[in-house]
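S.K.:
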Amino acid sequence: MSIAEVRNLRKEYPAFTLQDVSFSIERGRITGFIGRNGAGKTTTIKSILNLVHPDGGEINYFGLPLAGHEAEIKKRVGYSTGSVSWYPRKKIRDIVGIVSKFYETWDEEAYRRYLRLFELNEDKTPLELSEGMKVKFNLLIALSHGAEVLILDEPTSGLDPFSRDELLGVFTELKEHGVAVFFSTHITSDLEKCADDIVYISHGKIVAAMPKSGFATEYAQEGESLEDTILRMERSWEHA
Amino acid sequence: MRDILRKEMKLSTSPLSYLFILFGFMFFLPGYPVLCGAFFTTLGLFQGFQYAREANDIVFSALLPISKRDVVKGKYLFTCLIEACSLLLMLASALIRMTVLADSVVYRTNAMMNANLFALGGALLVFGLFNVIFLGGFFKTAYKLGKPFVIYCIAAFLAIFALEALHHVPGLVAVNAFGFEHFGLQLVLLLAGLAAFVILTLLSYRCACRRFERIDL
């Protein structure tokens, strides 16, 4: 069952256009959103979080259009925007104390569990965190309010291999509880480890949106890994 | 709404926004343009907006489970709250000057505007200008602060200069009333300032909501 559906999303910038982006996010599945730097991943994610105003298309969550149902939808969505530093000089404890009030579903037990898992100190400020720890702090909030879908922009960038592996394990655990995870990455090994579905974007267009196994069947040549396939496809467009 | 206001108060602003409320007491200063107190209060708010921009506050707020309109409402509510606190200090100062200190020589020989109900109306006009020019201008982009603040400064000082000098215009000496002289006129001028504040703030708020909905963060 689709938790989120994006249909013909379009956003025009002077030097870049996101063209007719369509895909869906399914309950209890992990969707990897892959593409090289500048392909349109962040613009797409910002659009589906209503940070960017699209020029066209439809975005629906839980069968409701995002426009007009923004507040109720966002309560059921967790998000993380990479290593952006919010309120760099405020303590994590204070930031969380304010944010938690916005969610009736805030799960203090889950919050404490992820705090321990990510080894975050509540008395630290975002300014004192490494890039990887900032990502973990953003994820901590996203994971602590019982979200039905997580939308994460480059959650693994900046993380050491152990933390990355831990995080991908968390995704798998959440998926088993019926949570949908949609995360962008340019690291293909993240997809190989845990993704069920792949949405592949290149030059502002969706190249493929399908189960990972179907992607391999349709696009991979014999003996190719996912990374080899995507590299070959990107190079073929460059030389076209 | 309580949650977004709490966020504004605890996370989004600089301590200077609170500290500069005390400039409301400038209504006690003799021989000084008392309306500058209102300007300095808005200067504290401006510092708060600078702090918020450095803290990525707008994007953070837009990601919270509230509508974009509520993000704008939070900023306007907080701004109006600070302005109201400052105005309360001005009101207290003006009432003391209108009663206990009504015959004080230093205030009677003051070349500048007297701190009376008209001055309170003037302060409300300055706050209204801040809300319409600075706040409204800020929400055109949600990150550019300099240009709307410079335009506001020019407008505010023109208004302050005009209001402070008004009682020197022949026939308008009643605006500079002491104690409860010309109380009816003073009350009308205060209400006119209040009406200007409400109209400018509401117009600006509606415009800011429309603009903020359209911009890309």
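Line by line, the protein sequences are chains A and B. Count the first sequence with my numbering and you get residues 18 to 257, in order. Count the second sequence with my numbering and you get residues 298 to 514, in order. Glycine residues also receive a C-beta, built at the ideal position from the N, C-alpha and C atoms.
1. For A:D37, which residues of its own chain have a beta-carbon under 8 Å away from its beta-carbon, when the five flanking residues on both sides are left out?
2. What is the residue span of the alpha helix (DSSP H) that A:G149 lies within?
3. When you check each C-beta in the stretch 357-370 of chain B against every C-beta of chain A, which residues fall closer than 8 Å?
4. Out of B:L417, B:D400, B:S314, which one is the CA nearest neighbour of B:F475?
5. So what does A:K28 bridge to, in DSSP terms?
6. Compile a chain-ordered list of the residues in the stretch 103-119 of chain A whose CB is closer than 9 Å to at least one CB of chain B.
7. Can you give me the C-alpha to C-alpha distance between B:A389 and A:P82, rounded to a whole angstrom?
8. Can you find at least 3 beta carbon pairs, one from the stretch 356-373 of chain B and one from the stretch 315-326 of chain B, that sit closer than 8 Å?
9. May I ask you to report which of helix, strand or coil DSSP gives B:G341?
10. Span of the alpha helix (DSSP H) holding B:F489?
11. Take A:K210 as the anchor and find which of A:P178, A:L66, A:A237, A:E29 has the nearest alpha-carbon.
12. Could you say which of B:F431, B:V402, B:I301, B:L342 lies nearest to B:L361 if we only look at CA atoms?
13. Please report the distance separating the alpha-carbon of A:V198 from that of A:R106.
14. Taking C-alpha atoms, which residue in B:L414, B:Q344, B:F431 lies nearest to B:I393?
15. What residues in the stretch 59-87 of chain A bring their beta carbon closer than 8 Å to a beta carbon of chain B?
16. DSSP state of B:D354, grouped into three classes?
17. So A:I42 and A:S64 are in contact, right, with Cβ under 8 Å, and what is the actual spacing, rounded?
18. Enumerate in chain order the residues of its own chain whose CB-to-CB distance from A:I62 is below 7 Å, with the five nearest sequence positions on each side excluded.
19. Just list the residues that DSSP pairs A:L167 with in beta bridges.
20. Indicate the three-state DSSP secondary structure (helix, strand or coil) for B:F320 in the structure shown.
21. Skipping 5 residues on each side, what residues in its chain have a beta carbon closer than 7 Å to that of B:A456?
22. Using a Cβ-Cβ cut-off of less than 7 Å, give me the residues of the stretch 151-177 of chain A that come near chain B, in sequence order.
23. Grouping DSSP H, G and I as helix and E and B as strand, with all else coil, what is B:G425?
24. Which value, in whole angstroms, describes the spacing of the CA atoms of B:G345 and B:Y315?
25. Using a threshold of 8 Å, state whether the C-beta atoms of A:V152 and A:G99 are closer than that.
26. A:D245 to B:M306, Cα distance in whole Å?
27. Could you tell me the alpha carbon to alpha carbon distance between A:T173 and B:A505, rounded to whole angstroms?
28. Pick from A:T48, A:R130, A:T34, A:A32: whose alpha carbon is nearest that of A:A226?
29. Could you give the first and the last residue of the continuous alpha helix (DSSP H) run that contains B:T376?
30. Straight-line CA distance for B:V429 to B:A420?
31. Taking the alpha carbon of B:N473 as the reference point, which residue from B:L384, B:R507, B:A391 has its own alpha carbon closest?
32. Any idea what DSSP makes of A:K108, helix, strand or coil?
33. Chain A beta carbons: is any one of them nearer than 8 Å to that of B:K307?
34. Output the distance between the C-alpha atoms of B:L442 and B:L398, rounded to the nearest integer angstrom.
35. According to DSSP, which residues form a beta bridge with A:S219?
36. Give me the residue from A:R44, A:S219, A:F50 with the minimum Cα distance to A:R252.
M.R.: Reading from the atomic positions:
1. In its chain, beyond the 5 residues on either side, N25, L26, R27, G74, K222, I223 have a beta carbon closer than 8 Å to the beta carbon of A:D37.
2. 148-160
3. F357, A359, L360, L361, P362, I363, S364, K365, D367
4. Minimum Cα-Cα distance from B:F475 among the listed residues B:L417, B:D400, B:S314 corresponds to B:D400.
5. A:L35
6. Listed by position, the residues of the stretch 103-119 of chain A near chain B (Cβ gap below 9 Å) are W103, Y104, P105, R106, K107, D111, I112, G114, I115, V116, K118, F119.
7. Looking at the two C-alpha atoms, the distance is approximately 51 Å.
8. no
9. helix
10. First, the amino acid is wrong: residue 489 of chain B is Ala here, not Phe. 480-511 is the span of the alpha helix (DSSP H), which, as asked, contains B:A489.
11. A:P178
12. B:I301
13. 30 Å
14. B:L414
15. K63, L66, N67, L68, V69, H70, E87
16. helix
17. A:I42 to A:S64, Cβ: 14 Å. No contact.
18. Cβ contact annotation for A:I62 (same chain, cutoff 7 Å, sequence separation greater than five): I168, D170, S201, in chain order.
19. A:G95, A:V198
20. Helix at B:F320.
21. So the qualifying residues of the chain are L422, V423, L426.
22. none
23. helix
24. 9 Å
25. Cβ atoms of A:V152 and A:G99: closer than 8 Å.
26. 51 Å
27. 36 Å
28. It is A:T48 whose Cα lies nearest to the Cα of A:A226.
29. 365-395
30. Cα to Cα, B:V429 sits roughly 14 Å from B:A420.
31. B:A391
32. coil
33. yes
34. 40 Å
35. A:K222
36. A:S219
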